[in-house]
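Inspection log for the structure reproduced underneath, given as structure tokens.
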Amino acid sequence: MEVIGCFFSRRSLSAFPILPPRSRRRSFQSPSLVPLMMSSSPSSAQEAYKGPRPRRDLVGDWVSSNNGLVRSLPIYIGGLSLLVVLLNRAFSGIALVTDASSSQSRADILTLSLSVTNLLTGLVWLSIRPKYVSPVIPCGVECMRINSDIADLAIHEMRWVWESLSSTTCCRSLVVIYGGNCFLQIGIAAESQNEIGVAMVVDVHKLLQGSLCRSAIGSGKQSYLANLSLYPGRSELPFLPSNTQSVILQPLGDRGIAIVGGDIIRGFTNLDQFMVA
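Every number in my numbering is 23 more than the matching position in the sequence shown, counting from 1.
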């Protein structure tokens, strides 16, 4: 049992850095220092900082805040250009019938083509909009099962890992399997079919025989299922909420695996995956 404790202590501490003891002591300030820090003026703080300052993308910010206007802008430009060409044709004394030998007619035809292209571009921009994915509420029951044979240090480390993941990522379920035993099942879990309000028990033997876990443990690399509903192997994880959106399978050596379930499609960023690893 000390192996799992050492593993979590090593991996979790490397993934989630802890401040050294000296930094922790510095975080407690004397009350007499607080007024001095509050009284410092912003100008003096700006003069003291000599590092690089972040640059603002004014054009990008304006486009983001006026998304609808920018998408419809080609329609306005194309319509205005079309109107100008027709007015110029009507008031310039040129015949309305196009003449291939006239340079003005050829220029008008080119302008009309560009105007129609702008109109079509604006219509396409308005019809195609990015789809915003929102998190779902997991369908299940609250669960916190910890193997009683684990050392206190390992229990402390696993609970700390869970609190860190659930507060900083989209993680809503966490299951840790090691050495053929389920050491941790915490978060939202699927409800048992036999008992109401009770979380489903993880069938470790059946889980490890599934293709998802065998592939992850065999390769020794993290497997990220960004959209769980697209994978046929989702049926191998019945203990997770039925509407779990994404899953991370993190091998724990060659004897175990950690399963992290999220509440949003593609919700785990590269940094989140690195933290889990």
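Idealized CB from N, CA, C, for every residue including glycine.
Short Cβ contact (8 Å threshold) for residue i with residue j
| i | j | result |
| --- | --- | --- |
| residue 227 | residue 204 | yes |
| residue 88 | residue 145 | no |
| residue 134 | residue 104 | yes |
| residue 189 | residue 210 | yes |
| residue 213 | residue 263 | yes |
| residue 195 | residue 161 | yes |
| residue 193 | residue 91 | no |
| residue 275 | residue 256 | no |
| residue 176 | residue 185 | no |
Contacts around residue i, its chain only, beta-carbon distance under 6 Å, and the 5 residues preceding and following it disregarded
| i | result |
| --- | --- |
| residue 246 | 239, 272 |
| residue 69 | With a pLDDT of only 45 at residue 69, under 50, the local geometry of the prediction cannot be trusted, and the value read off the model is given with reservation. There are no such residues. |
| residue 199 | 206, 207, 281 |
| residue 158 | 286, 287 |
| residue 100 | 141 |
| residue 86 | 93 |
| residue 166 | 208, 212, 222 |
Nearest residue (CA-CA) to residue i, options the options
| i | options | result |
| --- | --- | --- |
| residue 230 | 207, 250, 261 | 261 |
| residue 208 | 284, 159, 92 | 284 |
| residue 110 | 131, 93, 126 | 131 |
| residue 138 | 153, 150, 97 | 97 |
| residue 244 | 297, 252, 79 | 297 |
| residue 233 | 147, 259, 266 | 259 |
| residue 295 | 219, 191, 108 | 191 |
Sequence-distant residues of the same chain with beta carbon closer than 7 Å to residue i, five excluded per side
| i | result |
| --- | --- |
| residue 278 | 201, 202 |
| residue 288 | 156, 249, 250, 268, 269 |
| residue 72 | With a pLDDT of only 46 at residue 72, under the threshold of 50, the placement of this residue in the model should not be trusted; the figure read from the coordinates follows. Closer than 7 Å at Cβ, skipping near neighbours: no residue. |
| residue 147 | none |
Backbone secondary structure at residue i - three-state DSSP
| i | result |
| --- | --- |
| residue 297 | helix |
| residue 281 | strand |
| residue 102 | helix |
| residue 229 | helix |
| residue 114 | helix |
| residue 266 | coil |
| residue 204 | strand |
| residue 274 | strand |
| residue 164 | strand |
| residue 212 | strand |
| residue 56 | Because residue 56 carries a pLDDT of 33, less than 50, the predicted location of this residue cannot be relied on, and the following value inherits that uncertainty. Helix at residue 56. |
Start and end residues, alpha helix (DSSP H) containing residue i
| i | result |
| --- | --- |
| residue 196 | Note, residue 196: premise wrong, no alpha helix (DSSP H); beta strand (DSSP E) at 194-201. |
| residue 186 | 175-191 |
| residue 147 | 126-150 |
| residue 171 | Counting along the chain, residue 171 falls outside any alpha helix (DSSP H), and DSSP gives it neither H nor E. |
| residue 241 | 234-242 |
| residue 81 | 81-88 |
Beta-carbon contacts of residue i that lie in its chain and below 8 Å, excluding the five residues immediately before and after
| i | result |
| --- | --- |
| residue 215 | 221, 222, 223, 224 |
| residue 178 | 169 |
| residue 126 | none |
| residue 265 | 162, 163, 213 |
Min CB distance residue i to chain D below 8 Å
| i | result |
| --- | --- |
| residue 179 | No chain D is part of this structure, which consists of one protein chain only. |
Where the beta strand (DSSP E) containing residue i begins and where it ends
| i | result |
| --- | --- |
| residue 248 | 246-248 |
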